[in-house]
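K.L.:
After the structure tokens below, expect a handful of questions from me.
In this note's numbering, the protein residues as written are 29 to 279.
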């Protein structure tokens with residue numbers, strides 16, 4: 029809007045914010061049901077919070093008490109246990125990451141031969157290469173993470189994609205939380221556009237269920253409360269979690 033770029037916004041749920049969803053308990057405590065913390069490299073988040081005068085604070089979770097993952101049988105894996113058990117293999121994958129991409133955030137490939145070697149392996153195969161006797165809980169956590177993050181099983185995830193996510197600096201960065209929850213930013217953003225942006229430009233309960241590339245751009249199908257709508261656009265920005273891609277015809 030600031031840059032006078034024409035747009036339309038579609039949200040599958042019945043409220044603005046998508047994965048930013050805060051639930052407030054009776055005592056006023058805020059619980060995040062979606063995105064939780066953010067880090068120092070999320071510059072746009074800091075800019076928005078400053079613009080709307082919303083405060084944030086450092087996350088003070090005790091890693092030893094934080095259940096990172098729980099199996100269907102009730103087995104727990106804390107952040108501290110995970111770091112201790114997986115440290116050797118994580119360090120090897122970080123070394124592969126630095127050799128392939130460097131330490132930056134760009135996708136510039138420094139070693140094409142290593143990139144091809146990794147891309148020929150699945151995430152599951154890479155784990156077997158780097159970890160002769162893996163801990164079952166860590167492996168199950170990684171498999172669950174692959175299903176959640178990439179919407180496919182670990183044996184279908186490219187090892188190159190997995191190695192890219194092992195950033196050498198990411199594990200030591202301080203994490204932050206929005207005071208009062210992300211809902212405060214949701215409300216501030218939505219209040220800003222309310223009455224300014226015409227209603228037809230922002231649609232709630234419009235779920236993307238199909239996408240096709242055309243000669244003119246992109247054709248999108250939406251399931252709405254009443255009918256199925258088809259719209260065409262020259263440019264499209266998706267803000268969907270990867271685990272939703274499999275539900276959309278055309279991905």
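Note that beta-carbon positions come from the ideal geometry of N, C-alpha and C, so glycine has one too.
On the three-state DSSP scale, how would you describe residue 255?
P.N.:
Position 227 of the chain shown, counting from 1, holds the residue named residue 255. In this structure, residue 255 counts as coil in the three-state DSSP scheme.
K.L.:
Rounded to whole angstroms, what is the Cα-Cα separation between residue 46 and residue 122?
P.N.:
Along the chain shown, one-based indexing puts residue 46 at 18. Along the chain shown, one-based indexing puts residue 122 at 94. Computed Cα separation, rounded: 32 angstroms.
K.L.:
Measuring alpha carbon to alpha carbon, tell me which of 237, 156 and 214 ends up nearest residue 43.
P.N.:
Translated into positions along the chain shown, residue 43 becomes position 15. Considering only alpha carbons, the answer is 214.
K.L.:
Run through the DSSP bridge pairs and tell me what residue 218 is partnered with.
P.N.:
Along the chain shown, read from residue 1 onward, the residue named residue 218 stands at position 190. Answer is none; residue 218 lacks a bridge partner.
K.L.:
From residue 283 to residue 249, what does the alpha carbon distance come to, in whole angstroms?
P.N.:
Only positions 29 to 279 of the chain appear in this structure, which leaves residue 283 out of reach.
K.L.:
Can residue 103 and residue 191 be called in contact, C-beta distance under 8 angstroms?
P.N.:
As a first step, residue 103 is located in the chain shown; it is residue number 75 there, counting from the start. As a first step, residue 191 is located in the chain shown; it is residue number 163 there, counting from the start. Contact flag unset, no.
K.L.:
At the level of alpha carbons, what is the spacing between residue 108 and residue 174?
P.N.:
Taking the first residue of the chain shown as position 1, residue 108 is located at position 80. Taking the first residue of the chain shown as position 1, residue 174 is located at position 146. Rounded to the nearest angstrom, the two C-alpha atoms are 20 angstroms apart.
K.L.:
Given this structure, state the Cα-to-Cα distance separating residue 36 from residue 228, to the nearest angstrom.
P.N.:
Looking up residue 36 in the chain shown gives position 8. Looking up residue 228 in the chain shown gives position 200. Cα to Cα, the separation comes out at about 8 angstroms.
K.L.:
Assess contact between the region 226–240 and the region 263–277, defined as three or more Cβ pairs (one per stretch) separated by less than 8 angstroms. Is contact present?
P.N.:
Judged by Cβ distances under 8 angstroms, the region 226–240 makes contact with the region 263–277, as three or more pairs qualify.
K.L.:
Pull up the distance between the alpha-carbon of residue 54 and that of residue 211, whole angstroms please.
P.N.:
Here residue 54 is taken as the residue at index 26 of the chain shown, counted from 1. Here residue 211 is taken as the residue at index 183 of the chain shown, counted from 1. About 16 angstroms.
K.L.:
Between residue 164 and the rest of its own chain, which residues show a CB-CB distance below 7 angstroms, the 5 nearest in sequence each way excluded?
P.N.:
Translated into the one-based positions of the chain shown, residue 164 becomes position 136. For residue 164, where only same-chain residues beyond five positions count, there are no Cβ hits under 7 angstroms.
K.L.:
Report the CB separation of residue 144 from residue 187 in whole angstroms; it is logged as a contact under 8 angstroms.
P.N.:
Walking along the chain shown from the start, residue 144 turns up at place 116. Walking along the chain shown from the start, residue 187 turns up at place 159. The pair is not a contact, with the Cβ atoms about 11 angstroms apart (cut-off 8 angstroms).
K.L.:
Kindly indicate which residue of 226, 101, 157 and 82 has the alpha-carbon position closest to the one of residue 34.
P.N.:
Within the chain shown, residue 34 is the residue found at index 6, counting from 1. Closest by alpha carbon: 226.
K.L.:
In or out: residue 206 buried (at least 16 other Cβ within 10 Å) or exposed?
P.N.:
Position 178 of the chain shown, counted from the first residue, corresponds to residue 206. With 16 or more Cβ atoms within 10 Å of its Cβ, residue 206 is classed as buried.
K.L.:
Pull up the distance between the alpha-carbon of residue 52 and that of residue 223, whole angstroms please.
P.N.:
In the chain shown, the residue the question calls residue 52 occupies position 24. In the chain shown, the residue the question calls residue 223 occupies position 195. C-alpha separation (whole angstroms): 27 angstroms.
K.L.:
Which residues in the same chain as residue 147 place their Cβ atom closer than 6 angstroms to its Cβ, once the five residues preceding and following it in sequence are excluded?
P.N.:
Position 119 of the chain shown, counted from the start, is the residue given in the question as residue 147. Hits under 6 angstroms: 186 and 188.
K.L.:
Could you give the first and the last residue of the continuous beta strand (DSSP E) run that contains residue 241?
P.N.:
Within the chain shown, the letter at position 213 stands for residue 241. Residue 241 -> beta strand (DSSP E) spans 235–241.
K.L.:
Under the DSSP definition of a beta bridge, which residues are partnered with residue 260?
P.N.:
On the chain shown, residue 260 is found 232 positions in, with the first residue counted as 1. Answer is 247.
K.L.:
Please classify residue 169: is it buried, with 16 or more other beta-carbons within 10 angstroms of its beta-carbon, or exposed?
P.N.:
By one-based count along the chain shown, residue 169 stands at place 141. Buried, since its Cβ has 16 or more Cβ neighbours within 10 Å.
K.L.:
Looking at chain B, is there any beta carbon in it that lies within less than 8 angstroms of the beta carbon of residue 61?
P.N.:
Among the chains in the structure shown there is no chain B, since it carries only a single protein chain.
K.L.:
Let's see if you can read the secondary structure: which residues bound the beta strand (DSSP E) around residue 51?
P.N.:
Locating residue 51 in the chain shown gives position 23, counting from the first residue. That run of the beta strand (DSSP E) goes 50–52.
K.L.:
Ends of the alpha helix (DSSP H) at residue 210?
P.N.:
The residue labelled residue 210 in the question sits at position 182 within the chain shown. It is not in any alpha helix (DSSP H) - residue 210 carries neither H nor E in the DSSP assignment.
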